[in-house]
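Participant: Residue numbers (this note's numbering), protein chains in the order written: chain A, 82 to 418; chain B, 82 to 418. Note that the Cβ used here is the ideal one computed from N, Cα and C, for glycine as well. None of the values given here were measured: they were computed from a predicted structure.
There are 2 protein chains.
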Amino acid sequence: MIRRPTILDVAARAGVSKSTVSLVLQGSKQVRPETRAAVEQAMAEIGYVYNRAAANLRSASVGLVGLVINDLRNPFFTEFATSLQMALAAEGYATVIANSDEDAELQAKLVGSMIEHGVSALVISPAYGGPGETFDQLARTGLPVMQVLRKMDERTDLFPFASFDYASGSTMAARHLMEQGARNIAFVGGLPGRAITRERKSGWRDTLKAEGLAEVAIHGKSSRAFGMQAAGELLSDHPEVDAAICFNDLVALGLMAGFARAGRPIGAEFRVVGFDDIEEAQQAWPPLSSVACDIAGFARDTAARLLAWMVEGQRPAPELRSPVQLVPRMSSTGIPE
Amino acid sequence: MIRRPTILDVAARAGVSKSTVSLVLQGSKQVRPETRAAVEQAMAEIGYVYNRAAANLRSASVGLVGLVINDLRNPFFTEFATSLQMALAAEGYATVIANSDEDAELQAKLVGSMIEHGVSALVISPAYGGPGETFDQLARTGLPVMQVLRKMDERTDLFPFASFDYASGSTMAARHLMEQGARNIAFVGGLPGRAITRERKSGWRDTLKAEGLAEVAIHGKSSRAFGMQAAGELLSDHPEVDAAICFNDLVALGLMAGFARAGRPIGAEFRVVGFDDIEEAQQAWPPLSSVACDIAGFARDTAARLLAWMVEGQRPAPELRSPVQLVPRMSSTGIPE
DNA sequence: CTTAGCTATTGGATCGTTCCAATTCCAGTG
DNA sequence: CACTGGAATTGGAACGATCCAATAGCTAAG
């Protein structure tokens, strides 16, 4: 295979110096329009492709942002990842998306690989567990790093954290269910002890406590399969429960599928609210009420904050909470749309 | 911010030359164990991080593979992307995942950006339309490029293509539905004219033709929303239809939701088969029959083929088809599991 | 006609690695 | 003790861009 052409080849062909070609590449307005045109034509003719590695070697910044996600298969995270990528692309930054698959070791490798590739910032929704030293090391690089949607369980204060105001969402969901007439509201899903589980439960717990109601909570993985399993558990062990707030929409959808399987309708008899308001929520039957997190907007905000940090050195506040919104649908109101 | 340490700093600290440090980095067994240890300690002490950009500048290969996906939000593609990433990670390659969001222009930009970043190979599930010259240019780079799951609509023969044997899957689905007693089988979803739509329809069409049955096809976007809409259309305009093969599981799930909304049960009265067998298919209610594509296995095969190409220069066959399998579930058999 | 003051262009040094040929080291041999 | 040969180590060139200070080209003023 032949050598890829360099700016020297372009320069020779266009009859200018390499420096001029470099200026053209950088879009400097120093160069005369005719010269620029000649250079551009030469580039097109010999099929020149920019070598970013070489450029970065000399001039620090790479215009590359790393994104490490604990579970890219979860549509909520997929949506975040793609939205962030687009927001950053609009500003001329490329994004490297990687999936740690909840594997802390893999996560450490991915982060390392990204740093080696010279990312100028990192956004991470961390996997739990694993050596916290990964993060110490990361902090020592001085790179802008934001943890989003999930706080790491060690060294939580190393990097600014941005997420949603889940606690209010939880309160809204509980109040809404009680207004609809529900009395025994269970909480389903979420691994116990995790910060995010605590947050998403807190409003529910406070509301129930204020009313002196019993608290039924079934914890587990945040998957559709678990929701289905929990449905069985609720139906057999807690027949008095007449509503559920689910850790996320996947659990809620699984729960609804479980009820459907048992021939029990969702809506007026048993009310369900989820978290995240993924696209599927409104297309399920019955449509699923959910605490909506404007994830695309959140991704844009994250991009803006990250850019402010990278470009102007403006480190964001240590903790940021974006507002959430309850979207009532048939699964909690019983009213078809 | 202070300068990142280089191998020169490491060398100074360890009391060796930069060349020795470089050898250690490359894991050469030329260096004496004691020397290696000293170098490694020095690296740890001053917090050295490898600069891949500089390394790549000198020695072509980057160990970076680009992956461009037309719709990363589709769980099928998400699964493929994450599986491919893991398969490549196991071989020491990093993967850059990008989502073109069916935007050919964005796709061109992403491909360009990846080449600039020096990927040593590219896997692409192309968006439709857009300037075919992007691909000509890509072909001219001589990089190993594989198109997967979808053929680009121009210059289809530029790069090897790997996908599933959808035509057989379609035949299996049609035969299965007829064995279950269905007579009027509709095809729902898929944009008309697209190669993949043709493939997924072909077996259905042939089977119906052989039996002299009428063909009802409703084409449209491959989304849950479209499936829901199509359900209404089927119920009002084609009451004789008693089964449907859907372009993919998302459409099928939308269709089932639409039927549920109308109070029409899925299973014995109306049978549905989807394509892709996404995780949700078995967790939906009723569980969705689907033509299963072992996407994780496919991703592994793709990784292996790509590596053979990259490392040994072994270009894969121009067209590869992985086998598919029909997974009958309640949505087509009517039998609860 | 010279020259100041621009603008447009240029050559050389530089970034942090790898590669290569050359050198040093050292134990073993005659 | 000189010499040999292999292992371990080394210095310098190279990769392809950017950056900077210097220079060439040009216009308008003196």
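Taking the straight line between their C-alpha atoms, what separation do you get for residue 116/B and residue 128/B?
Facilitator: Taking the straight line from one Cα to the other gives about 18 Å.
Participant: Give a yes or no on whether 9 Å exceeds the smallest Cβ distance from residue 244/A to chain B.
Facilitator: By this cut-off, residue 244/A is not an interface position.
Participant: Does residue 190/A get closer than 9 Å to chain B when you measure Cβ to Cβ?
Facilitator: Yes, its Cβ sits closer than 9 Å to a Cβ of chain B.
Participant: Considering only residues of the stretch 157-215 of chain B, which uninterrupted beta strand (DSSP E) runs meet the minimum length of 3 residues and lie entirely inside it, listed in chain order?
Facilitator: Complete beta strand (DSSP E) runs here, min 3: 175-180 and 202-206.
Participant: Once DSSP output is grouped into helix, strand and coil, what is the label at residue 267/A?
Facilitator: Strand.
Participant: Residue 403/B to residue 236/A, Cα distance in whole Å?
Facilitator: Their backbone Cα atoms lie some 46 Å apart in a straight line.
Participant: Specify, as a first and last residue, the run of the beta strand (DSSP E) that residue 326/A falls within.
Facilitator: Start and end: 324-327.
Participant: Looking at chain A, which residues of the stretch 111-140 of chain B have a Cβ within less than 9 Å of any of its Cβ atoms?
Facilitator: Listed by position along the chain: 128, 130, 131, 132, 133, 134, 135, 136, 137 and 138.
Participant: Of all the options 105/B, 109/B, 134/B and 394/B, which has the alpha carbon lying nearest to the alpha carbon of residue 122/B?
Facilitator: Of 105/B, 109/B, 134/B and 394/B, the residue nearest in Cα terms is 105/B.
Participant: Taking a Cβ distance cut-off of 8 Å, strictly less, list which residues of the stretch 142-174 of chain B are near chain A, in chain order.
Facilitator: Of all residues in the stretch 142-174 of chain B, 143, 145, 153, 154, 156, 159, 160, 162, 163, 166, 167 and 170 have a Cβ within less than 8 Å of some Cβ in chain A.
Participant: Please list the partners that residue 309/A has in chain B, where partner means a Cβ-to-Cβ separation under 9 Å.
Facilitator: Per Cβ cutoff of 9 Å: 364 and 366.
Participant: Indicate whether the contact test is met: 3 or more Cβ pairs, each with one atom in the stretch 312-320 of chain B and one in the stretch 332-349 of chain B, closer than 8 Å.
Facilitator: Touching, yes.
Participant: Please state if the CB of residue 332/A and the CB of residue 298/A are separated by a distance shorter than 9 Å.
Facilitator: Cβ atoms of residue 298/A and residue 332/A: not closer than 9 Å.
Participant: Hey, quick one: how far does the alpha helix (DSSP H) through residue 378/A stretch, first residue to last?
Facilitator: First-last of the alpha helix (DSSP H) with residue 378/A: 376-393.
Participant: Out of 284/A, 271/A and 324/A, point me to the one whose CA is closest to residue 306/A's CA.
Facilitator: Nearest C-alpha to residue 306/A: 271/A.
Participant: Measuring straight from C-alpha to C-alpha, what distance separates residue 91/B and residue 385/A?
Facilitator: Residue 91/B and residue 385/A: Cα-Cα distance of roughly 37 Å.
Participant: Keeping to the same chain, check which residues put their C-beta closer than 6 Å to that of residue 247/A; ignore five residues upstream and five downstream.
Facilitator: So the list reads 280 and 281, once near-sequence residues are dropped.
Participant: Go through its chain and collect everything with a Cβ distance to residue 242/A's Cβ below 8 Å, but skip five positions before and after it.
Facilitator: Only 227, 228, 229, 232, 399, 400 and 401 meet the Cβ criterion.
Participant: So the beta strand (DSSP E) residue 243/B belongs to, where does it begin and stop?
Facilitator: From DSSP, the beta strand (DSSP E) with residue 243/B extends over 242-245.
Participant: If you compare alpha carbons, which of 191/A, 383/A, 369/A and 102/A is closest to residue 163/B?
Facilitator: Comparing Cα positions, the closest option is 191/A.
Participant: Quick one: Cα of residue 118/A to Cα of residue 362/B, how far?
Facilitator: Residue 118/A and residue 362/B: Cα-Cα distance of roughly 56 Å.
Participant: Taking residue 254/B as the reference, which of 310/B, 273/B and 357/B has the closest Cα?
Facilitator: For residue 254/B, the nearest C-alpha among the options comes from 357/B.
Participant: Beta-carbon of residue 397/A versus every beta-carbon of chain B: anything under 9 Å?
Facilitator: By this cut-off, residue 397/A is not an interface position.
Participant: Could you pull out every residue in the same chain whose Cβ sits closer than 8 Å to the Cβ of residue 183/B, ignoring the five residues on either side in sequence?
Facilitator: Counting only Cβ-Cβ distances below 8 Å, and skipping sequence neighbours, we find 151, 152, 208 and 209.
Participant: Does DSSP put residue 400/A in a helix, a strand or coil?
Facilitator: If DSSP states are grouped into helix, strand and coil, residue 400/A belongs with the strands.
Participant: Could you check where the beta strand (DSSP E) with residue 423/B kicks off and where it finishes?
Facilitator: Within the shown structure, residues of chain B are numbered from 82 to 418, placing residue 423/B beyond reach of any answer.
Participant: With a threshold of 7 Å on Cβ separation, who are the neighbours of residue 348/A within its own chain once the five nearest residues in sequence on each side are excluded?
Facilitator: The residues are 367, 411, 412 and 415.
Participant: Only counting runs of 3 or more residues, tell me where the beta strand (DSSP E) segments fall wholly within the stretch 301-351 of chain A, in order along the chain.
Facilitator: 324-327, all fully within the stretch 301-351 of chain A.
Participant: Tell me which residues share the same chain as residue 186/B and place their Cβ nearer than 8 Å to its Cβ, disregarding the 5 neighbours each side in the sequence.
Facilitator: The answer, listed in chain order, is 211.
Participant: What is the rounded straight-line gap between the Cα of residue 301/A and the Cα of residue 276/A?
Facilitator: Using only the alpha carbons, I get a separation of about 14 Å.
Participant: Using a C-beta to C-beta distance shorter than 7 Å, which residues of chain A count as neighbours of residue 68/B?
Facilitator: Since the displayed chain B opens at 82 and closes at 418, residue 68/B lies outside it and no answer follows.
Participant: Beta-carbon separation of residue 406/A and residue 284/A under 9 Å?
Facilitator: Cβ distance not < 9 Å, so residue 406/A and residue 284/A don't count as in contact.
Participant: Mind listing the chain A neighbours of residue 359/B? Cutoff is C-beta to C-beta under 8 Å, in chain order.
Facilitator: Chain A residues near residue 359/B: none, gap ~10 Å exceeds 8 Å.
Participant: Given a threshold of 16 other Cβ atoms within 10 Å of its Cβ, counted over all protein chains shown, does residue 217/B qualify as buried or as exposed?
Facilitator: Under this definition residue 217/B is an exposed residue.
Participant: Just tell me which of 391/B, 267/B and 387/B has its CA closest to the CA of residue 355/B.
Facilitator: Of the candidates 391/B, 267/B and 387/B, the one whose C-alpha sits nearest the C-alpha of residue 355/B is 267/B.
Participant: Could you check whether the Cβ of residue 337/A sits closer than 9 Å to any Cβ belonging to chain B?
Facilitator: Closer than 9 Å: yes.
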